[in-house]
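Please read the structure below before turning to the comments.
Protein chains: 2
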Amino acid sequence: MNNIDPYKIYSKQKSIIEKRLFGLLKGSKPDSLYEPCRYILHSGGKRVRALLILLSVKAAGAQYSKGYNAAVAVEILHNFTLVHDDIMDNADKRRGMPTLHKKYDISTAILAGDNLIAVAYMNLLKDAGPYAGNIVKSFTKGIIEVCEGQSLDKEFELRNNVTLQEYLIMIKKKTAALAEMCCLIGGQIGGGTNKHLRMLKTFGRNLGIAFQLQDDLLDITGDETEFGKVVGGDLIEGKKTYLFLKALEIAAGNNKTMLLEVIKKNGIRKNQVGKYKELYNKLDIIKLTKQEVFRYTQKAVSAARKIEDDEARHMMIWLAESLVERSK
Amino acid sequence: MNNIDPYKIYSKQKSIIEKRLFGLLKGSKPDSLYEPCRYILHSGGKRVRALLILLSVKAAGAQYSKGYNAAVAVEILHNFTLVHDDIMDNADKRRGMPTLHKKYDISTAILAGDNLIAVAYMNLLKDAGPYAGNIVKSFTKGIIEVCEGQSLDKEFELRNNVTLQEYLIMIKKKTAALAEMCCLIGGQIGGGTNKHLRMLKTFGRNLGIAFQLQDDLLDITGDETEFGKVVGGDLIEGKKTYLFLKALEIAAGNNKTMLLEVIKKNGIRKNQVGKYKELYNKLDIIKLTKQEVFRYTQKAVSAARKIEDDEARHMMIWLAESLVERSK
Chain A
0 MNNIDPYKIY SKQKSIIEKR LFGLLKGSKP DSLYEPCRYI LHSGGKRVRA LLILLSVKAA
60 GAQYSKGYNA AVAVEILHNF TLVHDDIMDN ADKRRGMPTL HKKYDISTAI LAGDNLIAVA
120 YMNLLKDAGP YAGNIVKSFT KGIIEVCEGQ SLDKEFELRN NVTLQEYLIM IKKKTAALAE
180 MCCLIGGQIG GGTNKHLRML KTFGRNLGIA FQLQDDLLDI TGDETEFGKV VGGDLIEGKK
240 TYLFLKALEI AAGNNKTMLL EVIKKNGIRK NQVGKYKELY NKLDIIKLTK QEVFRYTQKA
300 VSAARKIEDD EARHMMIWLA ESLVERSK
Chain B
0 MNNIDPYKIY SKQKSIIEKR LFGLLKGSKP DSLYEPCRYI LHSGGKRVRA LLILLSVKAA
60 GAQYSKGYNA AVAVEILHNF TLVHDDIMDN ADKRRGMPTL HKKYDISTAI LAGDNLIAVA
120 YMNLLKDAGP YAGNIVKSFT KGIIEVCEGQ SLDKEFELRN NVTLQEYLIM IKKKTAALAE
180 MCCLIGGQIG GGTNKHLRML KTFGRNLGIA FQLQDDLLDI TGDETEFGKV VGGDLIEGKK
240 TYLFLKALEI AAGNNKTMLL EVIKKNGIRK NQVGKYKELY NKLDIIKLTK QEVFRYTQKA
300 VSAARKIEDD EARHMMIWLA ESLVERSK
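Residue numbers (numbering that gives the first Met the number 0), protein chains in the order written: chain A, 0 to 327; chain B, 0 to 327.
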């Protein structure tokens, strides 16, 4: 495996996908619809979901190129979710740039998002071939889960009694379902056996959960300049993250009171972040969360180890491990 | 054909579709997502798009029942467009009830609409069988055209130099494309030949245009209580309808100035409606529009006449003629 340079392969495939993504809607009219669509597709991102498709195609025994259109499709779909989520969250910035509804307006952002869903399907179909029925079904099931997850997420903002278990159900739907769907679809396009598809789904799902827990963790452990967000931003906004709900589950006495304050006041002040970070440390929350991230990553890696294709296996393990080690 | 009672057949099929539509999301969780979805699906409507699917299935030589899931799918899709359009138009009421974003909130309405798109695909797939690739493609192309049409519609609100030709392109995308898509998909599900599909598309497209022009006409000629909207509402809101743009094309001198006032002032007062109705009559706009509605209806009817299946042919001609004669 010495001749496999995962980062090089990732970079190469990423640039292939981005080239397609950038060329896709060039010249499409009307501009009032497509200029916003192009804006969001050009706004960057790690393109991890596209990579999941490609690696899964390869894991199932086919060439990356068989999944290029589907890879473009999941990136478009992911960007649709960002556009609509940003409206719902009233977010001003995304990847350092104005969100779509801030650059244009809410109507434009709603419509651009809607159109992106359909454009995603159109691209998916190009790679679906004889398996179109199954592949479109997997894709659609993924969208439904994402919507259900997003709805739970919004619901949790208003509820004061969210449990850790409920939180895990929510992120499984909101984040892990899409990663699982990418792997499943890649496997289906690659003509994988049921055994392939099972492994790939396990890999995607667990990777997705690990990714989200790591994201929650980075809010506290991340480096402000590198992470690109305010450290403790989730606490400031009163978000019920894995760390917060785990702490609430463990804490008692004054510690519990302190945590309940966050819920009661719908967040904390910036100068209180340090105090809460200390509390998390005292309750071993950082360590416990890291262990969970590790546990889900290992589940993903175990599934990936069963992949016969050397390059796909190597890449999937590398991807799982680097997502956990990421600092942004 | 004396034994065919079109209204009876329509009513029967409508009630079959509604029963399915109402049962579809019963018990789906979370309620925060599905309660709004159920609300809009229960809000009524003529279910014309579902009927177009069923009649086209029959026209292609199959039984209505082969298209029930697809018929449900297009109704769901249509309702998604209503939910998102109502946000964009800041509409308070729809079919006499609060719009979704007024009953809940904008975030809920965005998300419910997104979910409905996916639920629509899921239902479509149930009837797509071996033709899934083609059918999903037709469906997706329809959604893209609707988005493009809606974007043009929003764009026209802000532009002062919209031409009649541009308006026709817009309604072809926003309204006629979905009707055409229903007929095409019905034909595909029914296993129709290319000749069937061509006829059905021609029927759907022309019916859709006639329907929209009739809608524009009813704003002026409709009976307030029966039509359910304020007569002249489009003029009051300054909408650039077929009637308005046709008048603008024909008018000169003082008449033209009077019309340009509508654009300049972004609409007129309610007590000015009578004056503009008079102007429309003076310019023969009502008559000219009726002629256009008739012309497009005849194109639809001509296409329908070529359908071999007696019941489908009879129903399609009846549908085209009754949409034109409708008063609401």
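Beta carbons are placed, not taken as given, at the ideal position from N, Cα and C, and that holds for glycine.
The straight-line gap separating the alpha-carbon atoms of B/Glu17 and A/Leu123 is approximately 31 Å. Using a Cβ distance threshold of 7 Å, B/Leu54 and B/Ala311 count as a contacting pair. Counting only Cβ-Cβ distances below 7 Å, A/Ala176 has no contacts in chain B at all, with the closest Cβ about 12 Å away.
Straight through space, the alpha carbons of B/Val56 and B/Leu50 are spaced by roughly 10 Å. When beta bridges are read from the DSSP output, A/Arg93 appears opposite A/Met96. Contacts with chain A at 7 Å (Cβ-Cβ) include B/Met121. Against chain B, the CB of A/Ser137 has no partner CB under 7 Å away; the residue lies outside that interface. Counting other Cβ atoms within 10 Å of its Cβ, B/Gln211 reaches 16 or more and is therefore classed as buried.
Per the coordinates, the alpha-carbon of A/Ala303 lies some 14 Å from the alpha-carbon of A/Ser321.
Using a Cβ-Cβ distance cut-off of 8 Å, the segment 2-18 of chain B and the segment 139-148 of chain B are not in contact, since fewer than three pairs of beta carbons, one from each stretch, lie closer than that value. Burial is judged here by how many other beta carbons sit within 10 angstroms of a residue's own beta carbon; A/Ile3 has fewer than 16 and is exposed. Any Cβ of chain A closer than 7 Å to the Cβ of B/Pro35 would place that residue at the interface, and such an atom is absent. Chain-order list of chain A residues neighbouring B/Asn114: Ile143, Cys146, by C-beta distance under 7 Å. The three-state secondary structure of A/Ser14, taken from DSSP, is helix. C-alpha of A/Val230 to C-alpha of A/Asn253: approximately 24 Å in a straight line. Contact fails between the segment 213-224 of chain B and the segment 62-76 of chain B, because fewer than three Cβ pairs, one in each stretch, are under 8 Å apart. Under the 7 Å criterion on CB atoms, A/Leu124 is classed as interfacial with respect to chain B. Across the segment 143-172 of chain A, CB contacts with chain B closer than 8 Å involve Ile143, Cys146, Glu147, Gln149, Ser150, Leu151, Lys153, Glu154, in sequence order along the chain. Rounded to the nearest whole angstrom, the C-alpha separation of A/Ala251 and A/Val300 is 36 Å. Under the 10 Å beta carbon count, A/Tyr63 is surrounded by 16 or more other beta carbons and is classified as buried.
With respect to the 7 Å criterion, A/Asp91 and A/Lys102 are not classified as neighbours on the basis of their beta carbons. Interface annotation for the segment 232-250 of chain B against chain A: empty, criterion Cβ-Cβ distance under 9 Å. Taking 7 Å as the cut-off, the beta carbon of B/Leu234 is found no closer than this to the beta carbon of B/Asp215.
Excluding sequence positions up to five before and after A/Leu287, its CB lies within less than 7 Å of the CB of Lys245, all in the same chain and listed in chain order. Closer than 7 Å to the CB of B/Gly66 there is not a single CB belonging to chain A. Taking the CA atoms as reference points, B/Gly232 sits about 58 Å from A/Lys255.
If you check the CB distance, A/Tyr33 and A/Leu24 come in under 7 Å. Measuring C-alpha to C-alpha distances from B/Pro97 to each of B/Ala127, B/His41, B/Gly66 identifies B/His41 as the nearest. Taking the Cα positions, A/Ser27 is about 11 Å away from A/Pro35. For B/Lys28, no alpha helix (DSSP H) encloses it, and the DSSP letter there is neither H nor E. Per the coordinates, the alpha-carbon of A/Asn270 lies some 11 Å from the alpha-carbon of A/Lys276. Relative to the Cα of B/Arg94, the nearest Cα in the group B/Lys45, B/Gly112, B/Gln290 belongs to B/Lys45.
With respect to A/Ile188, A/Lys65 sits close: the two C-beta atoms are nearer than 7 Å. The C-beta of A/Ile39 comes no closer than 7 Å to any C-beta of chain B. Contact residues of the segment 73-107 of chain A toward chain B are His83, Ile86, Met87, Ser106 (C-beta to C-beta distance below 7 Å).
A/Leu151 places its beta carbon 7 Å or farther from that of A/Glu248.
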